[in-house]
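Chemist:
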Amino acid sequence: MSELFWADKSAQQIIDQDPSRDIYVTECGLGASGIPHVGSLGDGIRSYVVSLALKEKGKDALFQAYSDDRDGLRKIPYGFPSELKEYVGNPVSHIPDPFGCHDSFGHHISSLLTDAFDKMGIEYRFQSSDEAYKAGILDKEIALLLERHKEAGTIIRNVTGQEKYLTQYPYFAICEECGKIYTTRVTDFDPEAETVSYVCDGEFVGKDSTTGEDIVVRGCGATGTTHIRNGKLAWKVEFAARWRAFGIAFEAFGKDILESVKVNDAICEQLLSYTPPVHAFYELFVERGGGKISKSKGNVFTPQRWLRYGAPESLILLMLKRLAYARVVDLEEIPKLMDEVNYLEDVYFGKVKVNNEKERTHLRRLYEYVKLLDVPETPSLSVPYNVIANIASVIPADTPNRDEIIINILQNSKKAPSSLTEEQREDLMGMIRYATEWTKDAGGPMAHEPLELTEAEREALLQLIDVLGDDMDAEDIQNAVFTTAQQHDLKPAKFFKLLYYVLLGVQRGPRAGTLIKTIGVQRACRIIEREIKASRQGSS
RNA sequence: GGGCCGUUGGCUUAGUCUGGUAGAGCAAUGGACUCUUAAUCCAUCGGUCGGGGGUUCGAAUCCCUCACGGCCCGCCA
Numbered sequence: 003m004s005e006l007f008w009a010d011k012s013a014q015q016i017i018d019q020d021p022s023r024d025i026y027v028t029e030c031g032l033g034a035s036g037i038p039h040v041g042s043l044g045d046g047i048r049s050y051v052v053s054l055a056l057k058e059k060g061k062d063a064l065f066q067a068y069s070d071d072r073d074g075l076r077k078i079p080y081g082f083p084s085e086l087k088e089y090v091g092n093p094v095s096h097i098p099d100p101f102g103c104h105d106s107f108g109h110h111i112s113s114l115l116t117d118a119f120d121k122m123g124i125e126y127r128f129q130s131s132d133e134a135y136k137a138g139i140l141d142k143e144i145a146l147l148l149e150r151h152k153e154a155g156t157i158i159r160n161v162t163g164q165e166k167y168l169t170q171y172p173y174f175a176i177c178e179e180c181g182k183i184y185t186t187r188v189t190d191f192d193p194e195a196e197t198v199s200y201v202c203d204g205e206f207v208g209k210d211s212t213t214g215e216d217i218v219v220r221g222c223g224a225t226g227t228t229h230i231r232n233g234k235l236a237w238k239v240e241f242a243a244r245w246r247a248f249g250i251a252f253e254a255f256g257k258d259i260l261e262s263v264k265v266n267d268a269i270c271e272q273l274l275s276y277t278p279p280v281h282a283f284y285e286l287f288v289e290r291g292g293g294k295i296s297k298s299k300g301n302v303f304t305p306q307r308w309l310r311y312g313a314p315e316s317l318i319l320l321m322l323k324r325l326a327y328a329r330v331v332d333l334e335e336i337p338k339l340m341d342e343v344n345y346l347e348d349v350y351f352g353k354v355k356v357n358n359e360k361e362r363t364h365l366r367r368l369y370e371y372v373k374l375l376d377v378p379e380t381p382s383l384s385v386p387y388n389v390i391a392n393i394a395s396v397i398p399a400d401t402p403n404r405d406e407i408i409i410n411i412l413q414n415s416k417k418a419p420s421s422l423t424e425e426q427r428e429d430l431m432g433m434i435r436y437a438t439e440w441t442k443d444a445g446g447p448m449a450h451e452p453l454e455l456t457e458a459e460r461e462a463l464l465q466l467i468d469v470l471g472d473d474m475d476a477e478d479i480q481n482a483v484f485t486t487a488q489q490h491d492l493k494p495a496k497f498f499k500l501l502y503y504v505l506l507g508v509q510r511g512p513r514a515g516t517l518i519k520t521i522g523v524q525r526a527c528r529i530i531e532r533e534i535k536a537s538r539q540g541s542s
């Protein structure tokens, strides 16, 4: 069977590589030392959908989220207290949580990501690296790599040109004296006792991302012997060890660790006699304009932030749509992605015709994945995001019955059906919530300063209050506004603007008649009255 | 030095993985909704798909090559 979608292809490739496994584990690493942004989440989504694809092919599969929490703290993340300074160089799982809500710094960070997984309906098995080492899961691989470290060093040099590990063990012990891991160097390995001897005399420069200050960390000078469970492998070989120990069959990775994956593939195959996992390579996310997203610049876009403005589907689509190309992730992307999910749904349910059969098949499949292979039986309402955002941006957040008003406007302008099921109503309200958050952050606050009215404007507004009646429909109101403007020699365009400003605090809005009707004629009149009283007399 | 990704109308881009008539949005122009901001709709304008070569009945799409741009690696993880 020829597969169109990359995740199906990867799954097939995984099965072809070894058809007889009891269970296929896909994996993503959770960086535990810096605040995760949407890119970190992408790794997980991509690995997760491959596990779904495997299941669909009748295999048992599992997605493992592996927290790299034995990594040492190198940089204090932006916005974290500088008191962490004394822990720079320590494994993040051994550092207290500065916010006190988790058992360690590392756990705090990885929870940010697993929390996003939970919100998106991604099922995973959490595995802490610290626990894995402690429990001895990696013992065999560590012993083998230490014993044959010279071969490992040669492989590393052949692949990367780096000669460091020709002489050095690819392993860092945690100093039993000072608790740091980046200041030690292994001097000997005892295969019988499964211990390493080390000296803690290294030095490295860390950083406080908030202040930009360099933090120089020096080893305490101690020498010691410790069990191989009390340390960690260097990254050049760590993936390989982990892949074999956990039987990993698939791992997606970003461009930043391309080199590392190459080395580890080689180590895996040549030294550990384990076929490396199938990979999917993806580009990193960039700023609009191609700049680097840097955690220290504070321009990280967290999954949590995305989910304030958009549904999980939009975020999943972002990750699955294209793998290899760099993508921009910022506020502007969200409406586009939300609408694209609607489009996919329309294609899936045949509301939109796609003549090219391959394209149609592909889009339908993409939609299934966006829904994590759990497709609803009936389509949802597909209201364009920016239509809702437009309306949401002009109706103040504290307006009573705000959702109802917006839904009414949508219905009146034929963007939503006139009768809604309870479920559809809730969908709409969810979309209003997203769009409201979005406009709040994308459009800025809504100012409403006292107006300066000319005599004619004041008269016109007063007359409007007189003319408007409860029994008028939207069209009558629309015409009344227009007529009133003309009677006072005001340009209708200007008068409408004024009216929007009075009612909504902004220069534009939905059709005025509809708006007043939905706000309620009486309430609209009261708002206008209040505005006239608060206003100042202006010249001409 | 090694590697990855991009280059499509004035601008932003889809389409590249899946070869089959290059689509959209913004902008511009003209028009419609008996007169209004906004919105909507219709129409028009505009592309040798970075250059060159190859494969193919057929290439924006696959292969090679060159140019330009961006990023990653060459500390550590």
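Residue numbers for the first sequence, in my numbering: 3 to 542. Backbone N, C-alpha and C define an ideal beta-carbon position, used for all residues, glycine too. These numbers come from a predicted model, not from an experiment.
1) Rounded to a whole number of angstroms, what is the C-alpha to C-alpha distance between Ala63 and Ser95?
2) Start and end of the beta strand (DSSP E) containing Glu261?
3) Taking Asp341 as part of the alpha helix (DSSP H), name the residues at either end of that continuous run.
4) Rounding to the nearest angstrom, what Cα-Cα distance links Gln489 and Cys527 in this structure?
5) Are Glu315 and Val343 close, meaning C-beta to C-beta below 8 Å?
6) Determine the extent of the beta strand (DSSP E) in which Ser382 is found, giving its start and end residues.
7) Can you tell me which of the three DSSP states Ser95 falls into?
8) In three-state DSSP terms, what is Tyr68?
9) Keeping to the same chain, check which residues put their C-beta closer than 7 Å to that of Ile25; ignore five residues upstream and five downstream.
10) If we ignore side chains and look at the alpha-carbon of each, how far apart do Ile318 and Gly41 end up?
11) Only counting runs of 4 or more residues, tell me where the alpha helix (DSSP H) segments fall wholly within the segment 130-203, in order along the chain.
12) Could you have a look at Leu235 and say whether DSSP puts it in helix, strand or coil?
13) For the alpha helix (DSSP H) holding Arg48, just list the boundary residues, first then last.
14) Which residue from Ser84, Glu165, Gly91 puts its Cα closest to that of Phe101?
15) Give the range of the alpha helix (DSSP H) segment to which Lys11 is assigned.
16) Leaving out five residues before and five after Gln19 in sequence, what residues of the same chain have Cβ atoms less than 7 Å from its Cβ?
17) Can you give the Cα-Cα distance for His364 and Asn357, rounded to whole angstroms?
18) Between the segment 344-351 and the segment 367-382, are three or more C-beta pairs nearer than 8 Å?
19) Please return the same chain residues whose Cβ sits closer than 7 Å to the Cβ of Arg246, not counting the five positions on each side in sequence.
20) With three or more C-beta pairs closer than 8 Å as the rule, is the segment 72-91 touching the segment 38-58?
21) Do the segment 208-222 and the segment 230-238 meet, that is, are 3 or more Cβ pairs less than 8 Å apart?
22) Quick one: is Tyr126 buried, meaning 16 or more other Cβ sit within 10 Å of its Cβ, or exposed?
23) How would you write the range of the alpha helix (DSSP H) that Lys323 sits in, first residue to last?
24) For Leu412, I'd like the list of residues in its chain whose CB is within less than 6 Å of its CB, leaving aside the five on either flank, ordered along the chain.
25) Looking at Tyr173 and Val219, is the spacing between their C-beta atoms short of 8 Å?
Modeler: On the basis of the data shown:
1) Reading the first sequence from its first residue, position 61 is the one you call residue 63. Reading the first sequence from its first residue, position 93 is the one you call residue 95. Cα to Cα, Ala63 sits roughly 28 Å from Ser95.
2) Counted from its first residue, the first sequence places residue 261 at position 259. Annotation: Glu261 is outside any beta strand (DSSP E); the continuous alpha helix (DSSP H) that includes it extends over 260-272.
3) Within the first sequence, the letter at position 339 stands for residue 341. Taken as a continuous stretch (DSSP letters only), the alpha helix (DSSP H) holding Asp341 covers 335-350.
4) Your numbering for residue 489 matches position 487 in the first sequence. Your numbering for residue 527 matches position 525 in the first sequence. Answer to the nearest angstrom: the Cα atoms are 19 Å apart.
5) Here the question's residue 315 lines up with position 313 in the first sequence. Here the question's residue 343 lines up with position 341 in the first sequence. Yes, Cβ-Cβ distance for Glu315 and Val343 is below 8 Å.
6) Residue 382 sits at position 380 when you count from the first residue of the first sequence. That residue, Ser382, is in no beta strand (DSSP E); it is neither H nor E in DSSP.
7) In the first sequence, residue 95 corresponds to position 93, counting from 1. Collapsing the DSSP output to three states places Ser95 in a helix.
8) Here residue 68 corresponds to residue number 66 of the first sequence, with the count starting at 1. Here Tyr68 sits in strand by DSSP.
9) Counting from one through the first sequence, the residue named residue 25 turns up at place 23. The residues are Asp62, Ala63, Leu64.
10) Counting from one through the first sequence, the residue named residue 318 turns up at place 316. Counting from one through the first sequence, the residue named residue 41 turns up at place 39. If I take the Cα positions, the gap works out to 11 Å.
11) Counting only runs that start and end inside the segment 130-203, the alpha helix (DSSP H) elements of at least 4 residues fall at 131-136, 141-149, 151-162, 166-169.
12) To locate residue 235, count along the first sequence from 1; it is residue 233. Note: Leu235 maps to strand in three-state DSSP.
13) Indexing the first sequence from 1 puts residue 48 at position 46. 40-58 is the span of the alpha helix (DSSP H), which, as asked, contains Arg48.
14) As a working mapping, residue 101 is identified with position 99 in the first sequence. Comparing alpha-carbon positions, the option among Ser84, Glu165, Gly91 lying closest to Phe101 turns out to be Ser84.
15) Walking along the first sequence from the start, residue 11 turns up at place 9. Counting along the chain, the alpha helix (DSSP H) containing Lys11 begins and ends at 8-19.
16) Here residue 19 refers to the residue found at position 17 of the first sequence. Closer than 7 Å at the Cβ level, and outside the excluded window around Gln19, lie Thr277, Val280.
17) To locate residue 364, count along the first sequence from 1; it is residue 362. To locate residue 357, count along the first sequence from 1; it is residue 355. Distance between the alpha carbons of His364 and Asn357 is about 12 Å.
18) Yes, since at least three Cβ pairs between the segment 344-351 and the segment 367-382 fall closer than 8 Å, the two stretches touch.
19) Your numbering for residue 246 matches position 244 in the first sequence. Cβ within range, chain order: Glu143, Cys270, Leu274, Tyr276.
20) The segment 38-58 vs the segment 72-91: no contact.
21) With the cut-off at 8 Å, the segment 208-222 and the segment 230-238 do not touch.
22) Working through the first sequence from its first residue, we reach residue 126 at position 124. Of the residues assessed, Tyr126 falls on the buried side of the cut-off, its CB having 16 or more other CB atoms within 10 angstroms.
23) Walking along the first sequence from the start, residue 323 turns up at place 321. Start and end: 314-323.
24) If you number the first sequence from 1, residue 412 lands on position 410. If we look at Leu412 and ignore the five residues flanking it on each side, its Cβ neighbours are Ala418.
25) By one-based count along the first sequence, residue 219 stands at place 217. By one-based count along the first sequence, residue 173 stands at place 171. Taking 8 Å as the cut-off, the Cβ atoms of Val219 and Tyr173 do not count as close.
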